[in-house]
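Colleague: For the sequence shown, position 8 matches number 71 in our numbering, and the numbering has no gaps at all.
We put the CB at the ideal spot given by N, CA and C, even for glycine.
These figures come from a predicted structure and were not determined experimentally.
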Amino acid sequence: MNISSSSKALFAGVSGTALQWYDFALFGYFAPIIAATYFPNDNQFASLLSAFGVFAVGYLLAPIGSLFFGYIGDQFGRKRALTLSILAMAIPTAMISIVPSYQYIGITAPLLITLLRIIQGFVASSEFTGSAIFLVEHAKTEKKALYGCLTSSAYSTGLILAGLAASFFTASFMPDWGWRIGFGLALIAGILIFYLRTHVAETPEYENIVQHDKRRLPFLAALKEAPLAVVGIIGIAWLVSIMTFGTYVFTATYLHSYFHISLGLATLIITIALAVDATLEPFIALLAGRIGLLKVIRLGMVAMLLLSIPIFFLLATGNVVLIALGLVFMSILIAITYAPLNAYMVILFPHQYRYSGFGVAFNVGISLFGGTTPIVMMWLVNSTSNFISPAWYYMFGAIIGLASIMVCERGRRRLIRLESTLAY
64 MNISSSSKAL
74 FAGVSGTALQ
84 WYDFALFGYF
94 APIIAATYFP
104 NDNQFASLLS
114 AFGVFAVGYL
124 LAPIGSLFFG
134 YIGDQFGRKR
144 ALTLSILAMA
154 IPTAMISIVP
164 SYQYIGITAP
174 LLITLLRIIQ
184 GFVASSEFTG
194 SAIFLVEHAK
204 TEKKALYGCL
214 TSSAYSTGLI
224 LAGLAASFFT
234 ASFMPDWGWR
244 IGFGLALIAG
254 ILIFYLRTHV
264 AETPEYENIV
274 QHDKRRLPFL
284 AALKEAPLAV
294 VGIIGIAWLV
304 SIMTFGTYVF
314 TATYLHSYFH
324 ISLGLATLII
334 TIALAVDATL
344 EPFIALLAGR
354 IGLLKVIRLG
364 MVAMLLLSIP
374 IFFLLATGNV
384 VLIALGLVFM
394 SILIAITYAP
404 LNAYMVILFP
414 HQYRYSGFGV
424 AFNVGISLFG
434 GTTPIVMMWL
444 VNSTSNFISP
454 AWYYMFGAII
464 GLASIMVCER
474 GRRRLIRLES
484 TLAY
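Next up, the structure:
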């Protein structure tokens, strides 16, 4: 594969993931505005809870969506699945920008927002996992960790763009409806990425799958042959949900609601932390490729377990400098944990049912624990009156992550024995 086609494949893979996380994070950043616009309530907590509830609803159909796109990816190609999903993801996001407020159309407004979030979640479900598979399968063996981490860097990039958009479109010089522009931009980006993906090559690994080796029902094959990988990845996705949604979605509202830091400043601090994450991940992935993926992954999880409470002590001071320092520390832990994870999860499944197995398992975990993470953390703070309490959920997630890695490793050894038996 020449340099031009390689670069095109990389950009085609990461750009859609960046757009996916831009779309989802923007909703979290604008949660206070969306709460006031579509879920008016005299109780701020109840209003915010409604907005985050809709954020969670967006994940209800994610497993079904990943099952649908996983089938396409395993039966008809990674490229076709990714090309189909990108426009269908951008359109409902852009439509959020034109839904009138509760003041004008009453209960229809929150119902429309909820419906668009459900459609968005269904379509976007396979984007992250599909992109990771696309990049890892395009990479040489020694570069799989690096290519896989670019999907993670892409989510950081998407969140950075969402943070910048949130800061800009809520600035004092913008009109009250300026936040809607951020959602509308998704359609333009979606059209450009769609064009790029129609002109990129299929992955070499998929092209090498002979027709008779394809599985008629790929996800059922994954459940039969790699059940422990499915269970383990659901657990890993739980930790990923806590790390990403807790740090980069919930924190903006946490700082704004409990410490009266402006939404613009809160998102700016998060954007800086995201930049640290996105910058570090490729270097950590290169290191993981040399010393072993599991060593780095476990190091990150143990560090998350030990350092979450000290980090939230910094956030709970309400001091802007210490808050920024705490979020940068958390981003470093996320980078260490996450940089090698995508390549590791992708290679747990044979390529015949990889798109379905990885996609459904990861999205089941994200559906169960991703959208609910901000709700759990808000509940912890409000029920305990302890601003440090979200750290407990991070620590719990780290324990789940370490246990899930053990399950995945046991499943990998089982699959190797199974393949050896079939080959014999």
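1) Just to confirm, is the Cβ distance from leucine 411 to alanine 229 under 8 Å?
2) Going along the chain, which unbroken runs of the beta strand (DSSP E) with 3 or more residues stay wholly within the stretch 185-265?
3) Between which residues of its own chain and lysine 206 is the CB-CB distance below 8 Å, once the five residues before and five after are set aside?
4) Can you have a look at aspartate 340 and say buried or exposed, based on whether 16 or more other CB atoms are within 10 angstroms of its CB?
5) According to DSSP, simplified to helix, strand and coil, what is alanine 289?
6) Look up tyrosine 122 in the DSSP assignment and say whether it is helix, strand or coil.
7) What are the start and end residues of each continuous alpha helix (DSSP H) run of 4 or more residues lying completely inside the stretch 428-484, in chain order?
8) Mapping the DSSP letters down to three states, classify leucine 280 as helix, strand or coil.
9) Report the residue from Gly363, Ile372, Gly389 whose alpha carbon sits nearest the alpha carbon of leucine 465.
10) Would you grab the beta carbon distance between tyrosine 488 and arginine 278 for me? Rounded to a whole angstrom, and I think it's under 8 Å.
11) Would you be able to state if there are at least three C-beta pairs under 8 Å between the stretch 70-90 and the stretch 258-265?
12) Taking the straight line between their C-alpha atoms, what separation do you get for lysine 142 and proline 437?
13) Buried or exposed: where does glutamate 270 fall if 16 or more other Cβ atoms within 10 Å of its Cβ makes it buried?
14) Does asparagine 382 pass the burial test, meaning 16 or more other C-beta atoms within 10 Å, or should it be called exposed?
15) In this structure, how does DSSP classify phenylalanine 102 when only helix, strand and coil are distinguished?
16) When we look at the beta-carbon of asparagine 445 and count the other beta-carbons within 10 Å, is it buried (16 or more) or exposed?
17) Helix, strand or coil: how does DSSP classify alanine 402 here?
18) Out of Pro373, Ala406, Thr435, Tyr457, which has the shortest C-alpha to C-alpha gap to phenylalanine 197?
19) To the nearest angstrom, how far is it from the Cα of arginine 475 to the Cα of glycine 295?
20) Alpha carbons only, please: which of Arg473, Thr342, Met393, Met458 is nearest the one belonging to alanine 217?
21) Measuring alpha carbon to alpha carbon, tell me which of Ala125, Tyr85, Leu175, Ala98 ends up nearest serine 430.
22) What residue range does the alpha helix (DSSP H) around phenylalanine 375 cover?
23) What residues in its chain sit with their C-beta under 7 Å from that of tryptophan 242, if we drop five residues either side in the sequence?
24) Just tell me which of Leu337, Gly422, Met152, Val199 has its CA closest to the CA of isoleucine 181.
25) Residues in its own chain within less than 7 Å of leucine 385 by CB, not counting five upstream and five downstream?
26) Going by beta carbon distance, what residues of the same chain come within less than 6 Å of phenylalanine 503, once the five residues before and after it are set aside?
27) Measure the CB-CB distance between leucine 213 and threonine 334 and report whether it falls below 8 Å.
28) Check the C-beta distance from isoleucine 468 over to leucine 350 and give it rounded, since I have them as a contact under 8 Å.
29) Throw me the rounded Cβ distance for the valine 186 and serine 148 pair, which I believe falls under 8 Å.
30) If I measure Cβ to Cβ from leucine 179 and keep anything under 6 Å in the same chain, skipping five residues before and after, which residues do I get?
31) When you compare the CB positions of leucine 222 and alanine 88, do they come within less than 8 Å of one another, or not?
32) Between Leu150, Pro453, His201, Ile463, which has its C-alpha nearest isoleucine 254's C-alpha?
33) So for asparagine 382, helix, strand or coil by DSSP?
34) Would DSSP call asparagine 65 helix, strand or coil?
Modeller: According to the structure shown:
1) no
2) none
3) Gly352
4) buried
5) coil
6) coil
7) 436-447
8) coil
9) Gly363
10) As shown, the chain starts at 64 and ends at 487. That puts residue 488 outside it, with no answer to give.
11) yes
12) 33 Å
13) exposed
14) exposed
15) coil
16) exposed
17) coil
18) Ala406
19) 11 Å
20) Thr342
21) Ala125
22) 356-378
23) Phe93, Ile96, Phe232, Thr233
24) Met152
25) Leu377
26) Lying outside 64 to 487, the shown extent of the chain, residue 503 is not represented and no answer is given.
27) no
28) Their Cβ separation, rounded to whole angstroms, is 18 Å, which puts isoleucine 468 and leucine 350 out of contact at 8 Å.
29) 6 Å
30) Pro155, Met158, Ile159
31) yes
32) Leu150
33) coil
34) For asparagine 65, the pLDDT reaches just 49, beneath the cut-off of 50, and the residue's location in the model is therefore unreliable, although a value from the coordinates is still provided. Looking at asparagine 65 - three-state DSSP - the assignment turns out to be coil, as it is neither helix nor strand.
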